[in-house]
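Colleague: First the structure, which I've put down as structure tokens, then a few questions once you've had a look.
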Amino acid sequence: MTPPLLAKSCPDPASPPPPATLAGHTVQVLDCAERILQARARDSLEAAGLPPELGARLHRIVCLAAFLHDLGKANDQFQAMVRTNSRKRQLLRHEALLLWLAWPGKLLGSWLEGGAGGAGDLRLALAAACGHHRRFPDDAIRTEGTSGQLTILAGHPDFHEILTLGARRLGLGAPPSLTDQELKESWRNPLKRHLDDCALQLDEELRCDSEAAHLLALAKALLVAADVAGSVLPRAGGDVGWLDEALTWGGEGLLDGVVSSRLKGAPLRPFQNGVAQSTAPVTLVRASCGTGKTIAAYAWAARQHSGRQLWICYPTTGTATEGFRDYLIAADIEASLEHSRAKIDLEILESAGVDAEDRWHRLEALRVWTRTAISCTADTVLGLLQNQRKGVYAWCGIARAAFVFDEIHAYDETMFGLLLRFLASLPGLPVLLMTASLPKHRLRALREVCSRHRGQELAELFGPSELERLPRYRLARTNELPWAEVCQELAAGGKVLWVSNTVDRCRNLASQAAEQGLAPLVYHSRFRYLDRVRRHECVIKAFRSEAAALAFTTQVAEMSLDLSATLLVSDLAPVPSLIQRLGRLNRYASPARPQPPGRGLFVDPPHPLPYAEGDLQAARGWLAGVGTDPCSQEDLAAAWRHEESVAPLPVMSNWLDGGFATSVGDVREASPGITILLPEDVASIASGELAWEAAALPMPRPPEDWVSWPRIRHLPVPPGGVVEYDAEKGARWRKR
């Protein structure tokens, strides 16, 4: 008996379950694709600004891609790998072999063209199929360490069964009768040349047809969704019928409960009501910290976009977790926390729901499709544009969602460029942007994108004047470290927040405080993730208690700390950073609860890093303009004379612009740091007592010999004694 063709490994390859076979998996993915298209094809086209008349074409391309996506696994080398768990290199990845089989002019090309509606859409379907692992054509052909030849099992009964399935489901004619095909690599390199020719032909077509390029991007995302569902649901004991419920669920009116629970019977303020009533495609809210922007954002989603999923996007994992904790964890809705360490945060939060751990089983990629609201880092959503896993997997939710991007002033140039591209290329998705301040060149870029790509002007709203004009601060520069002022404030029961520009300076100052008999808390980015979450909790708890508190922090205080200090000490930094740091000073003062102006003392650091000296010089001028009299948040903004810079532009998107290729790109500008695991954690990680995500430790530029360190989960493990680590102070490289 001829053994069946497999799509995946399984315990008994001689008697595999249907989902593990190539024929069974193809049926599952095709079934999922059809259900997903029924629910999300129109939403996808609307999100991308494409006419609904393209629905039939999109349906045809995606279903053809679903039918073909794993057909290249019908070769002797892949089958040997899944049957024996062999690590022997294969001459061709299965995606590249598919092109050899099905590109127009190849064995199956003319037969498939009829179902595709022509050679052009067949090429789109094949490009979508080849991109379903999000990395193609990288490493598609591997001649070194292989036999240089493989056999395409086109004569296998299962191969003919799959072709017959395609003929029936896609309206193709009778499939051709094929025999096994020998494929050899030679010095002429025909495989590489064929791959290059395919790329050149398709990319030339897409350069002249932006509509086809957008269809291809949508097809790639929808196929990935179908493949994930078709792979995961059978293994988790579910069936494709789950998709019908998951993708048709509406959630109308559920966000009203989040708003009412936060307001506790009080009405929205006029400012919040203005945000909630905005019907513009893109709304920008410029309001200072503590003005109620976040609850206004939920009210906007509840009133204007009921029935759409809500994605609240923050710049950091810390702010995303806090947003989930403060607004969603106790709400009577299906909510989700999405960022690179979300699993650890959910375990710490504990009360996230009875299925908190279950969310991380094999249905992880699908669970967000059914959520009413998702608190996430902006990387999750903008990562879609760069083919990053979470964003692509979430397309079925994103395609029918509303978005809040908070604290957009904190985005680096790459991320802000991706935000502009998101606004430009997905004009059917409603967006609310929030910030305390924004440079003029970025504001100009937002206005241009909205008028050019959204057909309407950017709606701009401002914070409540009674809060913006409240005298909250009294600012001053100091040439000496203000230990006397700190001790005096603590003796009076005050809360002191000291923000440094570098981790080393933060730790050194905290050590000096301890030497003076003070009890400093230390919080920065250089902790194991689990310890960082605990440090965050300690700082928040201390500042919300009745006792005096002293915390030494870094730039993490600019976004992820929801606290109010009575004295702020800060290194000089760029003006936007200083405005954010001041948002933690006298934060909760209001006309109804007036407080004396909080003092902000600014110190010249010993060197400007990580900033430029020009940034600090501009900050000195800004402080001089603000003066030493009591001042408001409005005064801070008015004194900031933004430099006239060239407006940023939407950046290239690997998802939208990749064409034939599918590769993963970056969402943020690269930094010279490294993430490691401590050697003392290795045993606990190996035993399962400690999750590697919880132990991950971000560090600055490592020693030159780091490339020779052993790795666990792709993370380097330095030798003992290289890292100096304290769970309350953080990490640094030990000086050699």
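For the sequence shown, the working numbering assigns the number 1483 to the initial residue and increments by one for each residue that follows.
C-beta: ideal position from N, C-alpha, C; glycine also.
All values derive from a computational prediction rather than experimental measurement.
According to DSSP, what are the bridge partners of residue 2080?
Modeller: Paired residue(s): 1955.
Colleague: Out of 2176, 1652, 1514 and 2196, which one is the CA nearest neighbour of residue 2012?
Modeller: If we check each option's Cα against that of residue 2012, 2176 comes out closest.
Colleague: Going straight from the alpha carbon of residue 1813 to that of residue 1959, what length do you get?
Modeller: Note that residue 1813 scores 43 on pLDDT, short of 50, meaning its location in the model is unreliable; the coordinates nonetheless yield the value given after this. So the alpha carbons of these two residues sit roughly 44 angstroms apart.
Colleague: Return the residue from the list 2035, 1543, 2213 and 2080 that minimises the CA-CA distance to residue 2049.
Modeller: Checking every option, the nearest Cα to that of residue 2049 belongs to 2080.
Colleague: Whole angstroms are fine: how far does the CA of residue 1637 sit from the CA of residue 2191?
Modeller: Whole-angstrom Cα-Cα distance: 48 angstroms.
Colleague: Do three or more CB pairs link the stretch 1550 to 1560 to the stretch 1920 to 1932 at distances below 8 angstroms?
Modeller: Contact between the stretch 1550 to 1560 and the stretch 1920 to 1932 is absent, because fewer than three Cβ pairs lie under 8 angstroms.
Colleague: So, is residue 2046 buried or exposed, given that buried needs 16 or more other C-beta atoms within 10 angstroms?
Modeller: Buried, because 16 or more other Cβ atoms sit within 10 Å of the Cβ of residue 2046.
Colleague: Looking at the secondary structure, which residues open and close the beta strand (DSSP E) in which residue 2179 lies?
Modeller: 2179 to 2181 is the extent of the beta strand (DSSP E) around residue 2179.
Colleague: Are the Cβ atoms of residue 1492 and residue 1652 separated by less than 9 angstroms?
Modeller: No.
Colleague: Do residue 1792 and residue 1737 count as a contact pair if the criterion is CB distance below 9 angstroms?
Modeller: A contact, by the Cβ cut-off of 9 angstroms.
Colleague: What separation, rounded to the nearest whole angstrom, lies between the Cα atoms of residue 1573 and residue 1567?
Modeller: If you take the alpha carbons of residue 1573 and residue 1567, they lie about 16 angstroms apart.
Colleague: Given this structure, state the Cα-to-Cα distance separating residue 2261 from residue 1852, to the nearest angstrom.
Modeller: No information on residue 2261 is available, as it lies outside the stretch 1483 to 2218 that the chain covers here.
Colleague: Could you check what DSSP says for residue 2198 in three-state terms: helix, strand or coil?
Modeller: The answer is strand: DSSP assigns residue 2198 an E or B state.
Colleague: Anyone know if the C-beta pair for residue 1593 and residue 1665 falls short of 9 angstroms?
Modeller: Not a contact, by the Cβ cut-off of 9 angstroms.
Colleague: Express the C-alpha separation of residue 1708 and residue 2055 in angstroms, rounding to a whole number.
Modeller: Cα to Cα, residue 2055 sits roughly 48 angstroms from residue 1708.
Colleague: When DSSP labels each residue in this structure, what does residue 2212 get in the three-state scheme?
Modeller: DSSP places residue 2212 in strand when its eight states are reduced to three.
Colleague: Drop a sphere of 10 angstroms on the beta-carbon of residue 1613, count the other beta-carbons inside from all chains shown, and report buried for 16 or more, exposed for fewer.
Modeller: The residue is buried, with at least 16 neighbouring Cβ atoms inside 10 Å.
Colleague: Per DSSP, residue 1915 forms a beta bridge with which residues?
Modeller: The partner list for residue 1915 (beta bridge, DSSP) reads 1766 and 1887.
Colleague: What are the uninterrupted segments assigned as alpha helix (DSSP H) that are 4 or more residues long and contained completely in the stretch 2048 to 2107, given in chain order?
Modeller: Qualifying alpha helix (DSSP H) stretches, in chain order: 2057 to 2064.
Colleague: Select from 1908, 1580, 2088 and 1986 the residue whose C-alpha is nearest the C-alpha of residue 1693.
Modeller: Taking only the C-alpha atoms, the option nearest residue 1693 is 1908.
Colleague: What does the alpha-carbon distance come out to for the pair residue 1841 and residue 1848?
Modeller: Since pLDDT at residue 1841 reaches only 34, below the 50 mark, its modelled position is unreliable, and the value read off the structure follows with that caveat. Spanning the two alpha carbons is a distance of roughly 9 angstroms.
Colleague: I'd like the ranges of any beta strand (DSSP E) spanning at least 3 consecutive residues and lying wholly in the stretch 1989 to 2022.
Modeller: DSSP runs (the beta strand (DSSP E)) wholly in the stretch 1989 to 2022: 2003 to 2005.
Colleague: According to DSSP, is residue 2189 part of a helix, a strand, or is it coil?
Modeller: Looking at residue 2189 - three-state DSSP - the assignment turns out to be helix.
Colleague: Quick check on DSSP: helix, strand or coil for residue 1943?
Modeller: Here residue 1943 sits in strand by DSSP.
Colleague: Going straight from the alpha carbon of residue 1780 to that of residue 1758, what length do you get?
Modeller: Rounded to the nearest angstrom, the two C-alpha atoms are 8 angstroms apart.
Colleague: Pull up the distance between the alpha-carbon of residue 1740 and that of residue 1859, whole angstroms please.
Modeller: If you take the alpha carbons of residue 1740 and residue 1859, they lie about 20 angstroms apart.
Colleague: Could you give the DSSP three-state label for residue 1574: helix, strand or coil?
Modeller: Three-state result, residue 1574: strand.
Colleague: Going by other Cβ atoms of all chains shown within 10 Å of its Cβ, with 16 needed for buried, is residue 1983 buried or exposed?
Modeller: Counting Cβ neighbours within 10 Å, residue 1983 comes out buried, since at least 16 surround it.
Colleague: If residue 1867 and residue 2130 are in contact, beta carbons under 8 angstroms, what's the gap, nearest whole angstrom?
Modeller: Not a contact, Cβ separation roughly 15 angstroms.
Colleague: Would you report the Cα separation of residue 1549 and residue 1712, rounded to the nearest angstrom?
Modeller: Whole-angstrom Cα-Cα distance: 12 angstroms.
Colleague: Using DSSP's beta-bridge definition, name the partner residues of residue 1977.
Modeller: Paired residue(s): 2031.
Colleague: Of the choices 1631, 1856, 1606 and 1523, whose alpha-carbon is the least far from that of residue 1667?
Modeller: Per the Cα distances, 1631.
Colleague: With H, G and I counted as helix, E and B as strand and the rest as coil, what does DSSP make of residue 1666?
Modeller: If DSSP states are grouped into helix, strand and coil, residue 1666 belongs with the strands.
Colleague: Applying the 10 Å Cβ sphere with the 16-neighbour rule, what's the burial state of residue 1878?
Modeller: Result: buried.
Colleague: Go ahead and label residue 1891 buried or exposed: buried means 16 or more other beta carbons lie within 10 angstroms of its beta carbon, across all protein chains shown.
Modeller: Buried, since its Cβ has 16 or more Cβ neighbours within 10 Å.
Colleague: Apply the 10 Å Cβ neighbour rule to residue 2186 and answer buried if 16 or more other Cβ atoms are within range, or exposed otherwise.
Modeller: Exposed, because fewer than 16 other Cβ atoms sit within 10 Å of the Cβ of residue 2186.
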